[in-house]
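K.L.:
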DNA sequence: TCACAAAGTGGCACTCAGTGCCATAAACTG
DNA sequence: CAGTTTATGGCACTGAGTGCCACTTTGTGA
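Protein chains in written order, with the numbering used here: chain D, 50 to 258; chain E, 50 to 258.
1. Grab the span of the alpha helix (DSSP H) containing residue 108 of chain E for me, first residue to last.
2. Three or more C-beta pairs under 8 Å: does that hold for the region 206-222 of chain E against the region 231-246 of chain E?
3. For the alpha helix (DSSP H) that contains residue 166 of chain E, what are its first and last residues?
4. Rounded C-beta distance between residue 96 of chain E and residue 178 of chain E? I'm assuming under 8 Å.
5. In three-state terms, what does DSSP make of residue 122 of chain D?
6. Where does residue 274 of chain E sit, in a helix, a strand or coil, going by DSSP?
7. Out of curiosity, what's the CA-to-CA distance linking residue 250 of chain E and residue 258 of chain E?
8. Taking DSSP as the reference, what is the three-state secondary structure of residue 212 of chain D?
9. Rounded to a whole number of angstroms, what is the C-alpha to C-alpha distance between residue 100 of chain D and residue 151 of chain D?
10. Nearest to residue 183 of chain D by alpha carbon, out of E:77, E:192, E:162 and E:239?
11. Let me see if you follow: with CB-CB separation under 7 Å, is residue 180 of chain E close to chain D or not?
12. Would the beta-carbon of residue 247 of chain D fall within 7 Å of that of residue 221 of chain D?
13. What is the rounded straight-line gap between the Cα of residue 253 of chain E and the Cα of residue 159 of chain E?
14. According to DSSP, simplified to helix, strand and coil, what is residue 226 of chain D?
15. How many whole angstroms separate the CB atoms of residue 138 of chain D and residue 203 of chain D, which I take to be in contact at a CB cut-off of 8 Å?
16. Would you verify that the beta carbon of residue 160 of chain D is, or is not, closer than 7 Å to some beta carbon of chain E?
17. Does the distance from the C-beta atom of residue 80 of chain D to that of residue 118 of chain D stay below 7 Å?
18. Could you compute how far the alpha carbon of residue 78 of chain E sits from the alpha carbon of residue 93 of chain E?
19. Please classify residue 67 of chain D as buried or exposed, where buried requires at least 16 other C-beta atoms within 10 Å of its C-beta.
20. Using a Cβ-Cβ distance under 7 Å, would residue 190 of chain D count as near chain E?
21. I want to verify the contact list: residues of chain D whose CB lies under 7 Å from the CB of residue 226 of chain E, in sequence order.
22. Secondary structure at residue 177 of chain D, three-state DSSP: helix, strand or coil?
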């Protein structure tokens with residue numbers, strides 16, 4: 050028989066992230082361990098066949114512990130996308146205020162892409178995984194849609210459209226869409242590199258209509 | 050012990066849809082029955098608490114049969130969104146070829162919205178449900194992203210950008226984004242009506258940059 | 001009209017996702 | 001070092017999703 054004594058939902062998204070205590074470092078370590086184990090399995094056997102059981106085993110933790118770090122396999126994905134968006138936002142905010150705001154946004158997105166490309170796992174394979182599965186693609190789009198408010202805020206801070214929040218939201222969303230479409234083009238055509246595709250998309254956005 | 054004799058995955062998306070046979074009519078009837086039962090439950094108890102068990106019972110079919118019509122609860126949602134996109138595409142294709150292509154696209158989207166607003170279930174409540182849950186929102190965004198190729202094709206057919214498919218894809222995606230953003234604004238601000246918001250978003254898109 | 005084929009339905013069993021609960025282990029505090 | 005706090009693992013349970021099979025309904029041809 051199952052007893053329910055609390056209504057509050059488990060929200061592992063709330064990261065400690067405060068100080069650099071042993072506990073905190075361990076937490077980050079385990080989290081990274083799980084992430085790595087997961088992506089390794091995703092890329093080798095596919096998303097669906099990578100059971101949480103197997104991911105946990107590979108990461109050296111119990112199945113139960115997995116869920117203390119991530120709500121689901123999908124959340125693993127959106128966590129990566131969220132990080133990506135955070136980096137873009139940070140880079141954007143650091144651009145000089147004298148620069149054209151859209152130029153700054155575009156450069157921020159490009160900078161983080163280029164950084165990512167030379168750095169980590171096989172980005173193209175990860176992207177392929179995402180584009181295939183509706184669930185994953187949906188999570189990806191959702192996570193990217195979460196960038197909108199924060200990017201919009203920075204646009205407003207730079208007095209774009211006199212700080213009209215709704216219009217800044219739209220502009221931020223349009224840039225995200227161009228960004229995403231460029232990724233799609235790049236995935237479909239392995240020829241040109243991602244940077245070129247993104248630049249083209251941004252140019253076409255600015256020349257729109 | 051479970052035995053697997055076939056590799057092919059179950060794909061209930063493949064609708065018969067051919068003739069008006071008894072079988073076919075019955076199929077559509079049951080499908081609609083399930084859809085209605087599902088939305089009724091979604092709106093009353095929420096998406097998560099509406100178990101497939103309960104939906105099936107309300108629709109008068111077995112749990113197993115539910116999965117012969119829909120892959121999941123989420124798919125129920127994307128089916129609605131897909132229908133919506135189909136209607137937009139159809140309406141778009143019927144606009145005179147002499148008309149400005151983007152004008153035609155905008156009018157098609159507006160027409161289908163207006164049709165929907167006066168017609169069916171509580172669209173605003175449904176939208177609210179979708180905007181709350183990341184899973185649902187993701188499915189929604191995915192389903193909407195599926196509009197892009199078909200709308201892009203119609204743009205290309207109308208010789209927009211000399212039929213450059215990549216650029217037409219981007220343009221279609223931008224219109225979808227404006228469409229979505231307008232819905233979000235509308236959901237956040239119950240004041241103005243949806244049509245106004247969508248028109249505003251389209252105007253701002255065309256005046257972009 | 002009737003027998004046979006084709007397709008739909010329900011029930012059962014099974015795997016996997018996700019979560020509450022509790023006992024235990026590890027890290028922090030004074 | 002003792003006591004508190006937090007992380008972990010294990011267990012049990014609900015719900016999603018699917019293969020399989022028996023049974024029913026619909027379609028078809030003689």
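All C-beta atoms, glycine included, are put in the ideal place defined by N, C-alpha and C.
P.N.:
Checking against the coordinates, here is how it stands:
1. 101-108
2. no
3. 150-168
4. 6 Å
5. helix
6. Nothing about residue 274 of chain E can be reported from this structure: the residues present for chain E run from 50 to 258 only.
7. 14 Å
8. helix
9. 42 Å
10. E:192
11. no
12. no
13. 15 Å
14. helix
15. 7 Å
16. no
17. yes
18. 23 Å
19. Confidence at residue 67 of chain D is low in this model, with a pLDDT of 48, below 50, so the placement of that residue should be treated as unreliable; the coordinate-derived value is given next. Looking at its Cβ environment, which holds fewer than 16 other Cβ atoms inside 10 Å, residue 67 of chain D is exposed.
20. yes
21. 222, 223 and 226
22. helix
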